Amino acid sequence: GRFLREIGKGVYGIAYAHQVRFDQYDNLWVVDKAANTVIQFDPEGYVLMNLGRREEGYHGDVELATQEEARAFGGYLGGPTDVSWDSDENIYISDGYVNSRMAKFDRDGNFLMGWGSFGSNIGQFNLPHAMQIDRNDNIYVADRSNRRIQVFDTDGNFQRIITLDLPYPPDYQPPFAARNPNRQVRETQPWAMCISNSTPQYLYVADNEPGRIYKISTDGTILGWLGKSGRRDGQFNWIHGLDCSQEDVLYVADMNNWRVQKLILNP
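The following block contains the structure:
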């Protein structure tokens, strides 16, 4: 946990970094929801590629589209949230807070296609907040406010849905509000995810409440879970990022506790 160095200081496309990922070449990718950009850095910290474009300064009044009215235009991004790659090194971005779609680029950054729109039907999204791709090129999208994970192939064809449908603990207390005794919703919201390098692969998915991390097989079976909301070690307060690139080790971005927790898993 010792600080080594800073990457990206003064870079034009960084305003509010939402996610960081590393590709197979150890390049760092920064997904910035405020600048509407995804930036690739090499291991030395030099910019290799920029996808999307930061909004320019303006003078006078401007009217912003609502999420329901937003329209995605080609390779322009609107509140991107995550990035991953398929076996051909094509780039996929969950695009995100505004555009409510998935965007696909080739390895050189040329826009190929997008799919999805705002809504709750199959293939639509209400805040695609995280995504990962397995070795078989299945694309898992955390459709946060629709309380589900949608799975697609690399052409954007829908495959199946995964839900986090374990009941809330009877003594659950939200960290920021009083508990609603009339709550009927069973599924929780997927906020963050990673996929293991093991064989077979597993998804690790975190919700915001009741603060759990789930181990899930790629067919959607929940194999186990850990954690709860709170401020103590092993408790979480709005998990916003997960890394499981090392076998049996989880790094957890515990946002509202202002920390990263390292968890050693018992296989």
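Each residue of the sequence shown is one higher than the one before, starting from 1213 at the first, in this note's numbering. Built from N, CA and C at the ideal position, the CB exists for glycine as well. Computed from a predicted model, the values in this text were never measured in an experiment.
Under DSSP, isoleucine 1373 takes part in a beta bridge, and its partners are Gln1362. Cβ-Cβ distances below 7 angstroms link glycine 1286 to Phe1323 in the same chain, with the five nearest sequence neighbours on each side left out; the list follows chain order. Check the Cα spacing between threonine 1293 and each of Arg1233, Asp1238 and Asp1365: the tightest is with Arg1233. Around the beta carbon of glutamine 1236, fewer than 16 other beta carbons sit within 10 angstroms, so the residue counts as exposed. In the three-state reduction of the DSSP assignment, arginine 1313 falls in the strand class. In this structure the segment 1252–1265 does not lie against the segment 1428–1438, because fewer than three pairs of beta carbons, one per stretch, are closer than 8 angstroms.
Serine 1296 is classed as buried because its beta carbon has at least 16 other beta carbons within 10 Å across all chains shown. Ranked by Cα distance from asparagine 1333, the options Ser1357, Pro1382, Asn1478 and Asp1320 are led by Ser1357.
In the structure shown, asparagine 1239 adopts coil according to DSSP, grouped into three states. In the three-state scheme derived from DSSP, where H, G and I count as helix and E and B as strand, serine 1457 is classed as coil. Nearest to serine 1429 by C-alpha distance, out of Gly1321, Gln1336 and Tyr1352, is Tyr1352.
Counting other Cβ atoms within 10 Å of its Cβ, tryptophan 1450 reaches 16 or more and is therefore classed as buried.
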